[in-house]
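Enquirer: Structure provided below as structure tokens; questions to follow.
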Amino acid sequence: MAVLEKGSPRRESRSFGEWVNDERVRSVFYQILVAVAVIFVAHYLFTNTTENLKARGMSSGFDFLGSTAGFSIAWTVLPYNPDDNYFHVYLVGIVNTLTVSLVAIVCMTLLGFIVGVMRLSKNWLIAQIAAWYVEILRNTPLLLQILFWFLAVFSLLPRPRDSMSLIDLFFLNNRGFYMPAPVPGDGFDLTMIAILVAIVATYALAVWARKRHFATGQRFPAFWTGLGILFGLPLLVFLVTGAPLTFDYPSLQGFNFVGGVTVPPAFCALLLALVIYHSAYLAESVRAGILSVSHGQTEAAYSLGLRPGMTLRLVIVPQAMRAVVPPMISNWMNVVKNSSLAIAIGYPDLVAVFMQTSLNQSGHAIEIVAMVMLFYMSVSLSISLALNYYNKLVQLKER
Amino acid sequence: MAELMHDDAVFRPKPSLPPPPNTVGVVGWLRKNLFGGPFDTLMTVVGATLIVYFGHKLFMYGVVNAVWEAESYRECLDITGGDGACWAGVDRWMSNYIYGRYSVDERWRVNLGFIVLAVWLAPFWFPRVTQKILVGVSAVLTFPFLAANLFLGGDPGLFLEVMTAIALTCFAAVWLNVAACYAGYKSVGVVIVRVSGFADKDDRMHKWVLLGAFGVGFVLAFLYQSTWDLAEVPTVNWGGLFLTLVISGIGISSALPAGVILALGRRSKMPVIQVFCTAFIELFRSVPLITILFMAVTMMPLFLPVSINPDKLVLVIIAVCIFAAAYMAEIVRGGLQAINKGQYEAAQAMGLNYWKMMTLIIMPQALKLMIPNIVGNFMGLLKDTTLVSIIGLYDILLMTKASGQDPKWLGMHTEPMLFAAAVFFVMCFCMSKYSQHLEKTIGGGYGRR
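As you go down the protein sequences, you meet chains A and B in turn.
For the first sequence, the working numbering begins at 1 and goes up steadily by one.
For the second sequence, the working numbering begins at 400 and goes up steadily by one.
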């Protein structure tokens, strides 16, 4: 009431009709109505839940996280054994999800850019191939594609004995993909340090070259020099310290391969499906982004005397990126979310190990669903924060 | 100099030379688009090789070596040695891919339901029909209940019976309207008013006459539908493409109104409403659909009173609706933001209140801008509906998987999946092409873009 009177200090008394038709009065009324409705529904759900839990003799709370999970997980990045507790299962699931998502994001971005540029190719055949690639992949469900790669491709590969192999280092069979595992020896730390130093040095060089370019107009070949430092310095350190890196090669022993790094077929199928499906979406964004730069920009750059390569690098790409990056980042988010479809082919991601197996075992539906949603929400929140930051960075600086 | 005075000195342009022969016709096209340079030629050759290689393989697999008549997958393998598709199995399972385990004798009801929907929506494409908005609104709001009654059968309960009667009345009204329009009247309402003899009374009277006519229709429809005696087909028997279309259809038809309300709420100046709507949208947009489905199946039964034991399909449909509404809300918000502020101000200056401003001025413009995104969202939902197979509903995808686990057809995975992929491709491709067509015909009408 006090609020309302403060809002209309001019008049002392108002008729009922005026009062009811006042927009501020209505606004407060509607808000109270909605709040009461939401509180009522929440209360109703809460009482039902407590009654249900009591009826089923279930407890609530996060105490179950400390108890032993007791089931095994087919493939984990973090070390895990069945004696670990549920919270560890949660972490294992998160790391498995992030692993496949990260690899998929890197490959998907590369492939998406290639296909997007192919769609704009002057070569009719190439443009058509890219267009049909995009159409076919975007118009069929991702889950169907995942199942297709898993059931119709990776499950039908030859047995370990008849593996497909690439120069006897990489093997592919129906048990998965095998590759050599690097085993760092003594002094390999120095090479790692050299890599860090090289990254910092390259960054510093880029900043310096840019400053000098702006100040004097002279260009410095920062890209090639940077590339040289990035690869040369670690390589030099690596050779000087005596190449302290050996590989653990996979080899066929009995019926299966031993040694190296093994990736299960489910991982391969999920990765391939995610990469291919999302690259089709990214290709469309890339195409739209490049088309969004008006042709006048190219002509203006030519009339200033820039060569085609420089025009592309200095004029077209920076402007196209402004239109490409936001959809690209939301595409990345979709990769993380869609990696949850792993459950259909038995890749042990967060949803599979925590929301299915752990939930079925412990029965703590509410807590587990909340924890899983919390993870996905924090991923998407951090990605959208990054996106907002980028948008601020590249926003047109209007006078 | 004297020559200039002569008539011949007037400039007469020669006819232009024909273009060089290698820039026109087939040769010119080939040179320009396929063999523009060494790199281009290389790309063309590589591309053509890939197409021929894979096209040949697919053709051999799908047509030449394929088996069309067989009794089991083993028989197929014996004939082809694994080099050809076993379409015989797909053919044998076809009715299951479409209807799931819906009782064979009752499948006419599914067909009838979809035919009714098609006939209901057909007036959209009749040029002379008026009030197309009402056609769409009535179909979206009432057809799902008619369909539920028809597909489920058994004892529908009073609510469903009433809604079915309303739906039947709406359906009749839509087609009477078509008849009236083609007979030269403005709408069926005009005809009813004229026939009933109230034509010279004022408009308020007309409204009551129309309502009365609707009431008479409702009573007739109610009496008619109470004569129905349909055998019950429980939802566990629903499956295949039918189930996919039911779930995505309900999701799509509820997403638009719910999305509009959520988007308006998010843009509202009332902080409480804004916070609730924003939280709802952001929560359900940031988590994968599969977690929402798990939530619906595992958590929602806990939220409901102990006495209620909800159907799994109902829970799944609720989850899909929530998911679709959250996504649609963001699309609608984008459309609303694209509307010039001057439109809002002009509407307010005309003295329109909030709802009139929204329904008469803002939404019609915004919806036109949103068509490509809305259709994209619908396609996404149709594809995402396949996720219900993970929680054990026998949609088209799980049906294709089940056919590969049938003892007779054990191991048949590729063929059913290719079939399902083709089904989805055709549906989504047609939708996207139609949306591009719509964008051109109604989106450009106001000189935007």
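Every residue gets a Cβ at the ideal spot worked out from N, C-alpha and C, and that includes glycine.
Computed from a predicted model, the values in this text were never measured in an experiment.
If the criterion is Cβ atoms closer than 8 Å, does the pair I73/A and I345/A meet it?
Expert: Residue numbering aside, residue 73/A sits at position 73 when the first sequence is read from its first letter. Residue numbering aside, residue 345/A sits at position 345 when the first sequence is read from its first letter. No, the pair does not count as a contact, with Cβ atoms beyond the cut-off.
Enquirer: Mind checking if S380/A is an interface residue toward chain E, Cβ cutoff 8 Å exclusive?
Expert: The question asks about chain E, but that chain is absent: this structure's protein chains are A and B.
Enquirer: For Q253/A, list the residues DSSP reports as bridge partners.
Expert: As a first step, residue 253/A must be located in the first sequence, where it is residue number 253. According to DSSP, Q253/A bridges with N256/A.
Enquirer: Excluding the 5 residues preceding and the 5 following L78/A in the sequence, name in chain order all residues of the same chain whose CB lies nearer than 6 Å to its CB.
Expert: For the purposes of this step, residue 78/A is identified with residue 78 of the first sequence, where counting begins at 1. Excluding sequence neighbours, L78/A sits near V92, V95.
Enquirer: Give a yes or no on whether 8 Å exceeds the smallest Cβ distance from H455/B to chain A.
Expert: Along the second sequence, read from residue 1 onward, the residue named residue 455/B stands at position 56. Chain A contact via Cβ: absent.
Enquirer: Closer than 7 Å by beta-carbon distance: list the chain B residues that pair up with W124/A, in chain order.
Expert: Mapped onto the first sequence, residue 124/A falls at position 124. In chain order: N432, L433.
Enquirer: Can you give the Cα-Cα distance for E631/B and A572/B, rounded to whole angstroms?
Expert: Indexing the second sequence from 1 puts residue 631/B at position 232. Indexing the second sequence from 1 puts residue 572/B at position 173. Cα to Cα, the separation comes out at about 29 Å.
Enquirer: Residues of chain B with a CB under 8 Å from the CB of S340/A: which are they?
Expert: Translated into positions along the first sequence, residue 340/A becomes position 340. Per Cβ cutoff of 8 Å: P687, I689, T690.
Enquirer: Using alpha carbons as the reference points, say which of V539/B, L759/B, R473/B lies closest to L809/B.
Expert: As a first step, residue 809/B must be located in the second sequence, where it is residue number 410. Of the listed residues, the one whose Cα sits closest to L809/B is R473/B.
Enquirer: Please list, in chain order, all residues of the same chain as I738/B whose beta carbon is under 7 Å from its beta carbon, the five residues on each side excluded.
Expert: Mapped onto the second sequence, residue 738/B falls at position 339. I761, Q764, A765, listed in sequence order.
Enquirer: Cβ of G650/B within 8 Å of Cβ of D794/B?
Expert: In the second sequence, the residue the question calls residue 650/B occupies position 251. In the second sequence, the residue the question calls residue 794/B occupies position 395. Not in contact: G650/B and D794/B (Cβ atoms no closer than 8 Å).
Enquirer: Under three-state DSSP, which class holds D490/B?
Expert: For the purposes of this step, residue 490/B is taken as the residue at position 91 of the second sequence. Three-state result, D490/B: helix.
Enquirer: Going by CA-CA distance only, name the one from M826/B, E838/B, K800/B that's closest to L144/A.
Expert: The sequence position of residue 144/A within the first sequence is 144, counting from 1. Nearest C-alpha to L144/A: K800/B.
Enquirer: Looking only at its chain, what residues have a beta carbon closer than 6 Å to the beta carbon of A209/A, apart from the 5 residues adjacent to it on each side?
Expert: In the first sequence, the residue the question calls residue 209/A occupies position 209. Answer for A209/A: F220, A222, listed in chain order.
Enquirer: Along chain A, which residues have their Cβ under 8 Å away from the Cβ of V705/B?
Expert: Mapped onto the second sequence, residue 705/B falls at position 306. Within 8 Å Cβ-Cβ: N48, E51, N52, A55.
Enquirer: Using a C-beta to C-beta distance shorter than 8 Å, which residues of chain B count as neighbours of V369/A?
Expert: Here the question's residue 369/A lines up with position 369 in the first sequence. Ordered by position in chain B, the residues that pass the 8 Å Cβ test against V369/A are T690, F693, M694, T697, M698.
Enquirer: Which residues bound the beta strand (DSSP E) around N173/A?
Expert: By one-based count along the first sequence, residue 173/A stands at place 173. N173/A -> beta strand (DSSP E) spans 170-173.
Enquirer: Terminal residues of the continuous alpha helix (DSSP H) containing Y44/A?
Expert: Here residue 44/A is taken as the residue at index 44 of the first sequence, counted from 1. 23-55 is the extent of the alpha helix (DSSP H) around Y44/A.
Enquirer: For the region 649-660 of chain B, enumerate the residues whose C-beta is nearer than 8 Å to any C-beta of chain A, in chain order.
Expert: Of all residues in the region 649-660 of chain B, none has a Cβ within less than 8 Å of some Cβ in chain A.
Enquirer: Say whether the region 221-239 of chain A touches the region 196-207 of chain A, bearing in mind that this needs 3 or more beta-carbon pairs closer than 8 Å, one atom from each stretch.
Expert: Contact holds: three or more Cβ-Cβ distances are below 8 Å.
Enquirer: Using a Cβ-Cβ cut-off of less than 7 Å, list which residues of the region 95-111 of chain A approach chain B; keep chain order.
Expert: For the region 95-111 of chain A, which is checked against every Cβ of chain B, not one residue is closer than 7 Å.
Enquirer: In chain order, what residues of the same chain lie with their CB nearer than 8 Å to the CB of M757/B, ignoring the 5 residues before and after it?
Expert: If you number the second sequence from 1, residue 757/B lands on position 358. These residues qualify, in order along the chain: L663.
Enquirer: Comparing C-alpha positions only, which one of K807/B, M830/B, E468/B, Q747/B sits nearest to K782/B?
Expert: Taking the second sequence and counting its residues from 1, the one referred to as residue 782/B is at position 383. Of K807/B, M830/B, E468/B, Q747/B, the residue nearest in Cα terms is M830/B.
Enquirer: Relative to the C-alpha of V608/B, which candidate in V686/B, A819/B, S595/B, A723/B has its C-alpha closest?
Expert: In the second sequence, counting from the first residue as 1, residue 608/B sits at position 209. Residue S595/B is the option with its Cα nearest to V608/B.
Enquirer: Using CA atoms only, rank isn't needed, just tell me which of V587/B, S502/B, P414/B, D601/B is closest to A612/B.
Expert: Residue mapping note: residue 612/B aligns to position 213 of the second sequence, counting from 1. The residue with the shortest Cα to Cα distance from A612/B is V587/B.
Enquirer: For A538/B, which residues in chain A fall below 7 Å Cβ to Cβ?
Expert: By 1-based counting over the second sequence, the position of residue 538/B is 139. Result: empty, since nearest Cβ-Cβ is about 25 Å, beyond 7 Å.
Enquirer: What distance in whole Å lies between the Cβ atoms of E744/B and V489/B, which are believed to be in contact at a cut-off of 8 Å?
Expert: Against the second sequence, residue 489/B aligns to sequence position 90. Against the second sequence, residue 744/B aligns to sequence position 345. In fact, because the Cβ distance is near 60 Å, the residues do not count as touching under 8 Å.
Enquirer: Taking 8 Å as the threshold (beta carbon to beta carbon), is A820/B in contact with chain A?
Expert: By 1-based counting over the second sequence, the position of residue 820/B is 421. Yes, its Cβ sits closer than 8 Å to a Cβ of chain A.
Enquirer: What did DSSP end up calling P184/A once you bin it into helix, strand or coil?
Expert: Residue numbering aside, residue 184/A sits at position 184 when the first sequence is read from its first letter. The answer is strand: DSSP assigns P184/A an E or B state.
Enquirer: Just to confirm the assignment, what range does the beta strand (DSSP E) spanning Y178/A have?
Expert: Numbered from its first residue, the first sequence carries residue 178/A at position 178. 176-179 is the span of the beta strand (DSSP E), which, as asked, contains Y178/A.
Enquirer: How big is the Cα-Cα spacing for A853/B and R491/B?
Expert: No information on residue 853/B is available, as it lies outside the stretch 400 to 848 that chain B covers here.
Enquirer: Where do the ends of the beta strand (DSSP E) carrying T262/A lie?
Expert: Taking the first residue of the first sequence as position 1, residue 262/A is located at position 262. Note, T262/A: beta strand (DSSP E), 261-263.
Enquirer: Which of helix, strand or coil does DSSP assign to D794/B?
Expert: Counting from 1 along the second sequence, the entry for residue 794/B is found at position 395. Looking at D794/B - three-state DSSP - the assignment turns out to be strand.
Enquirer: Report the partner residues of F247/A according to the DSSP bridge assignment.
Expert: In the first sequence, residue 247/A corresponds to position 247, counting from 1. In the DSSP output, where bridge partners are listed per residue, F247/A has P182/A.
Enquirer: Can you give me the start and stop residues for the alpha helix (DSSP H) that S834/B sits inside?
Expert: On the second sequence, position 435 is the one that residue 834/B refers to. Here the alpha helix (DSSP H) through S834/B covers 813-840.
Enquirer: How big is the Cα-Cα spacing for D189/A and F238/A?
Expert: To locate residue 189/A, count along the first sequence from 1; it is residue 189. To locate residue 238/A, count along the first sequence from 1; it is residue 238. Going from the Cα of D189/A to the Cα of F238/A covers about 10 Å.
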